[in-house]
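Take 683 as the starting number for the sequence shown in our numbering and just add one per residue. Comments concern the structure below.
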Amino acid sequence: MDGTVWLRLSPLHWRHDHRKYESERTGVYDTSDGPEQMNLAYFRSLAARFFRRSQTENELEEELRAHIQLRADDLERSGLGRRDAERRARIEFGGQERFKEECREAVAGNFLDILMQDLRFSFRTLARQPVFAVVAIVTLAIGIGMTTAMLSIVQDVLIRPLPYVNSERLYAIYARSDSAGQPRIAASGPDYLDYREQNKSFVRIAEYLPRFTFTWTGEGEPKLVNCTAGSEDFFATMGIRPYLGRLYEPREYSYFKNDTMVVSYRFWKTRLGGDPHVIGREIRLQDESVTIIGVLPPMSDLFPDTDVWPKLTTRPSWPFMQWRANKFLRVVGELRPGVTPTMAEEDLTAILRRAPDEPRDVRVQLIPLKEDLVGDLRRPLLATLGGVALILVVASINVAALLLARAVKRQPEMALRLSLGAGRGRIARQLITEATLLSSAGCGLGLLLAWSALRLLPQLSSLSLPRLNEVHLNMPALTATIVIASATTLLFGWLPAIGFSRLRLSSALRSRGSETGERRKLSLPALVVAEIACSVVLTVSVGLLVHSFWRVMHVDPGFQAHSLFRVYLRSESPPNDPEGLRAYNEKALPFWQNLITETVSLPGVRSAAISDWKPGRDSATATLLLEGLPYDEAHLPTVEGSWVSANFFHTVGAQLITGRLFTDHDKSDAPAVVIINTQAARQFWPGQNPIGKRIGVNYTGPGRRTSGATPRLREIVGIVGTIKHGPLDAPTAPAVYMPYLQDETSHVMSAMNLLVRTEDSAMGLADNVRNRIHALRPDQPVQEIQSVQELEAQSVAPRRYTLLLFGTFAITDLVLAAVGVYGVISYVTAQRTREFGVRIALGATRGRVISEVLRGGVRLTAIGSLIGLVGAFVMTRSVSALLFEISPLDPVSYFAAVALLGLLSVCACLVPAWRASRVDPIIAMQSE
683 MDGTVWLRLS
693 PLHWRHDHRK
703 YESERTGVYD
713 TSDGPEQMNL
723 AYFRSLAARF
733 FRRSQTENEL
743 EEELRAHIQL
753 RADDLERSGL
763 GRRDAERRAR
773 IEFGGQERFK
783 EECREAVAGN
793 FLDILMQDLR
803 FSFRTLARQP
813 VFAVVAIVTL
823 AIGIGMTTAM
833 LSIVQDVLIR
843 PLPYVNSERL
853 YAIYARSDSA
863 GQPRIAASGP
873 DYLDYREQNK
883 SFVRIAEYLP
893 RFTFTWTGEG
903 EPKLVNCTAG
913 SEDFFATMGI
923 RPYLGRLYEP
933 REYSYFKNDT
943 MVVSYRFWKT
953 RLGGDPHVIG
963 REIRLQDESV
973 TIIGVLPPMS
983 DLFPDTDVWP
993 KLTTRPSWPF
1003 MQWRANKFLR
1013 VVGELRPGVT
1023 PTMAEEDLTA
1033 ILRRAPDEPR
1043 DVRVQLIPLK
1053 EDLVGDLRRP
1063 LLATLGGVAL
1073 ILVVASINVA
1083 ALLLARAVKR
1093 QPEMALRLSL
1103 GAGRGRIARQ
1113 LITEATLLSS
1123 AGCGLGLLLA
1133 WSALRLLPQL
1143 SSLSLPRLNE
1153 VHLNMPALTA
1163 TIVIASATTL
1173 LFGWLPAIGF
1183 SRLRLSSALR
1193 SRGSETGERR
1203 KLSLPALVVA
1213 EIACSVVLTV
1223 SVGLLVHSFW
1233 RVMHVDPGFQ
1243 AHSLFRVYLR
1253 SESPPNDPEG
1263 LRAYNEKALP
1273 FWQNLITETV
1283 SLPGVRSAAI
1293 SDWKPGRDSA
1303 TATLLLEGLP
1313 YDEAHLPTVE
1323 GSWVSANFFH
1333 TVGAQLITGR
1343 LFTDHDKSDA
1353 PAVVIINTQA
1363 ARQFWPGQNP
1373 IGKRIGVNYT
1383 GPGRRTSGAT
1393 PRLREIVGIV
1403 GTIKHGPLDA
1413 PTAPAVYMPY
1423 LQDETSHVMS
1433 AMNLLVRTED
1443 SAMGLADNVR
1453 NRIHALRPDQ
1463 PVQEIQSVQE
1473 LEAQSVAPRR
1483 YTLLLFGTFA
1493 ITDLVLAAVG
1503 VYGVISYVTA
1513 QRTREFGVRI
1523 ALGATRGRVI
1533 SEVLRGGVRL
1543 TAIGSLIGLV
1553 GAFVMTRSVS
1563 ALLFEISPLD
1573 PVSYFAAVAL
1583 LGLLSVCACL
1593 VPAWRASRVD
1603 PIIAMQSE
């Protein structure tokens, strides 16, 4: 035979002949074999591969037929008949499909053909096992979806810069004093002026006053609008430009009156209808007409609830802003380039210490504005991210175990394919393709779950996350998802592929999958142990949170919350001049007195009182002067303070320990009196009877420490049980209570809570109370009517949602762990079917077989639990900030977590154990 005939059939020669054929057919000939012509020929061949596939295949078929015919002609000339010559030529040529495959592999685009073949094969393989595919995809989707959602939240809340100019140089300015027991102190008006005029570290410094309200009238029922007031440099410091109109001009900060107003984007959109011609429109605030001059851009980062932006003047200013001890203003500054925060802290500390009546150890601390915004959420968010990362690890381990078990079961199939000539690389590529399909489907479904979860987050009104409305699936989270999917693909695809690369055909064909090698026998239990260890860490964390929440809900608040509701009422602030103050009192005092009388007269009302105390929220604070001690304003102790009416303690259900309660005779012209709580009595008069002693209480208002002058002394007439002024999980503090009629400034008259104790349902009389309020004062806005039990629930809402979130993680993790244990034990039990059949044939009882299987599952659970406990000792410190009155090493939580996992593992092993006990010895041995 002429060897040159067959030489032309090598892939390279066929590619050359095919190119030559194309040139002859089209009339276009290559004149050079240079790189450009080679690339052109490659892309031409690639195009022919996909757009003229049938023609290319026909040409290949014709080429092969031509070579066979040429050889048959040679044989016929040598004396053979035509039929015998063709038969001999086909025999000498060999399998045509092999040559076709080699030629296809030599043509451009062959890898895409192979990929499509692998994809079709993988789809068919997974379709034959839908339960396996669905379990693997859903498991991956849960892990990837939760992780992607949390990565998006962490990116948008913790990492993404604030949308302000030079936001990385914006710092919140606070002070701290260990001797005064105050880790974070706001600023007073004089503090701000000193900082602004004497500092050498900031481009500019501004002050602002957040979270107060104005009354908006003239458009239906009176409403309260949320306000934030900024000083002259505030908008420039933040780099805020108006969305519409203009901002305040410097001359407008030279007088008090708010005759012009800047409104927020939210207020403009929701309250003013997004009117593009709103500039120049007049609205009534605080019973005065103001002209809208500007609309700010959206600022959901720092001031999401602000409606209007009145100006905050410093010269002139309100009297309470001139008191150095009145620390209630927020200060923010933009650092100069090249100045470090430490240098700026030293600069401002020196300024503050030069001021009179400041604690000797007072220091200024700078907090990045973004960090100040996030507050204490950093650790909980990172702990939550760690929790979902554990779920992703457990999900990945679960799918890896499923794939390993499936790979072992498919060993005879793969061994048969290898023996029939399939390459190990091709088989490994198909396994990786299957893993890619699973991880891609899991990734896609996970992204859908993450998107849905992020869409639901803003609807959780009690979930107080800053920038929550701006959280979305962002590019860093998507990138991380792609990396996660790629990593899972490599993990799931390479593990079985590596196993098959070491497969020995003889043993695999002979064993039929019942003996898988010691390496793989160890790998599956090791994965289950790792899965259980991760589950223990997460379950212990949830156990700690559950125990903490149980303790919070069993805290004694010091009052009876059931059948009690509150109505928050706010009106204009009192004037500063004596004549105006007198006229204000003549109008405000009868309103509050008549309101109590009218409310009590309603059927179903047991009692009513007024107070500036709002259950579940931080109360006002004041400084305390003990009689006989020098007046050192900088070192006066801080206490919680409330102005109350005579019937307050009876209405809320507080307990009188000793002394008396207030009466209607404790008026402004009566001797000044005060009631303290038991904690104040123990702290300031240990071992003594405080009744009859006198103390001075500075004016209680919105500040952290407030005072104006040396306070008048008040006689302690009673001691009551400690009432929770703040959230249920907040520490209790010394507290003082004073008759609201004895407030010299009458400031408390502008904002009070009406507390109503009813016979039955707390909110059943809310509408009747609202009608009585409007009958007494038609222009009085009534926006907040809430039961005290609802306020208590809101005070622990962040803790409840954290528990719900971690609880969801733990339940998911436990389900995945149980599925993993069940899958592995089922597989191992199935592999031992012949062994159990022999044991039963030799007399082993079914109970003995069940105990044998259960013992294997319990052994894995015990090992995983021990490893998980060690990890929990380390990892649970990340949730220590979320705990309440328990240690991160709480033994109850650790024991409960291990017991729960042990119970689930035993339950997961019961079905495989029962199946093993029902094995028929004859069938088991015949199956081998």
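Glycine included, every Cβ here is placed at the ideal spot set by N, Cα and C.
Query                                                                                                                              : Result
Three-pair Cβ contact test at 8 angstroms for the segment 1208-1225 versus the segment 1514-1524                                   : no
Rounded C-alpha distance that separates Ala1500 from Ala1065                                                                       : 24 angstroms
Residue environment, Ser1575, which counts as buried when at least 16 other CB atoms sit within 10 Å                               : buried
Through-space distance from Val1070 to Leu1127, alpha-carbon basis                                                                 : 16 angstroms
C-beta atoms of Gly825 and Ala1077 nearer than 9 angstroms                                                                         : yes
Separation of Trp991 from Arg1042, as counted between CA atoms                                                                     : 36 angstroms
Beta-carbon proximity check, Ile835 vs Leu1030, cutoff 9 angstroms                                                                 : no
Alpha-carbon spacing of His1154 relative to Trp1133, whole angstroms                                                               : 7 angstroms
Cβ pair Val907, Arg966 closer than 9 angstroms                                                                                     : no
Whole-number beta carbon distance between Thr895 and Asp1461, since they are thought to touch under 8 angstroms                    : About 15 angstroms; that fails the 8 angstroms criterion.
Same chain, Cβ closer than 6 angstroms to Ile1549, five either side skipped, listed in chain order                                 : Ala1215
Beta carbon of Asn1371 nearer than 9 angstroms to that of Val1402                                                                  : no
Bounding residues of the alpha helix (DSSP H) (the contiguous stretch that carries Glu1028)                                        : Pro1023 to Arg1035
Through-space distance from Leu1423 to Ala1265, alpha-carbon basis                                                                 : 15 angstroms
Contact under 9 angstroms by Cβ, Val1451 with Val1470                                                                              : no
Backbone secondary structure at Gly976 - three-state DSSP                                                                          : strand
Limits of the alpha helix (DSSP H) - the one that Thr829 falls within                                                              : Pro812 to Val836
Whole-number beta carbon distance between Val1044 and Leu857, since they are thought to touch under 8 angstroms                    : Looking at the sequence provided, one finds Ala at residue 857 rather than Leu. 6 angstroms between Cβ atoms; contact.
Nearest-angstrom beta carbon gap, Ser1599 and Arg1528 [assumed within contact, 8 angstroms]                                        : 4 angstroms
Contained alpha helix (DSSP H) runs [length at least 4] in the segment 1430-1508, N- to C-terminal order                           : 1448-1458 and 1470-1477
Cut-off 6 angstroms between Cβ atoms - residues of its own chain near Glu768, not counting five sequence neighbours on either side : Ala754
Element boundaries [beta strand (DSSP E), containing Leu1064]                                                                      : Taken as a continuous stretch (DSSP letters only), Leu1064 belongs to no beta strand (DSSP E), being part of the alpha helix (DSSP H) at Arg1060 to Lys1091.
Bridge-paired residues (DSSP) for Ala1132                                                                                          : For Ala1132, which the question treats as bridged, DSSP gives no partner whatsoever.
Sequence-distant residues of its chain with Cβ nearer than 6 angstroms to Gly912 (five each side left out)                         : Tyr890 and Leu994
Buried/exposed call for Val1334, threshold 16 Cβ in 10 Å                                                                           : buried
Which of helix, strand or coil DSSP assigns to Ala857                                                                              : strand
Burial state of Val1356, where buried means 16 or more other Cβ atoms lie within 10 Å                                              : buried
Cβ pair Pro1573, Thr1558 closer than 9 angstroms                                                                                   : no
Between the CA atoms of Ser1324 and Ala1302 - distance to the nearest angstrom                                                     : 7 angstroms
Cβ separation of Leu1206 and Val1506, assumed to be a contact under 8 angstroms, to the nearest whole Å                            : 5 angstroms
Proximity to Leu1119 [Cα-Cα], best of Ser804, Arg1481, Gln778 and Ser1562                                                          : Ser804
Per-residue burial, Leu1098 [other beta carbons within 10 Å of its own, 16 or more giving buried]                                  : exposed
Cβ neighbour criterion (16 or more within 10 Å) applied to Ile1493                                                                 : exposed
Pick from Ala1578, Asn1329 and Glu1040 that is closest to Ser1223, judged by C-alpha positions                                     : Ala1578
Straight-line Cα distance separating Ser936 from Arg997                                                                            : 7 angstroms
Range covered by the alpha helix (DSSP H) that runs through Pro924                                                                 : Looking at the DSSP string, Pro924 is not in any alpha helix (DSSP H), and its letter there is neither H nor E.
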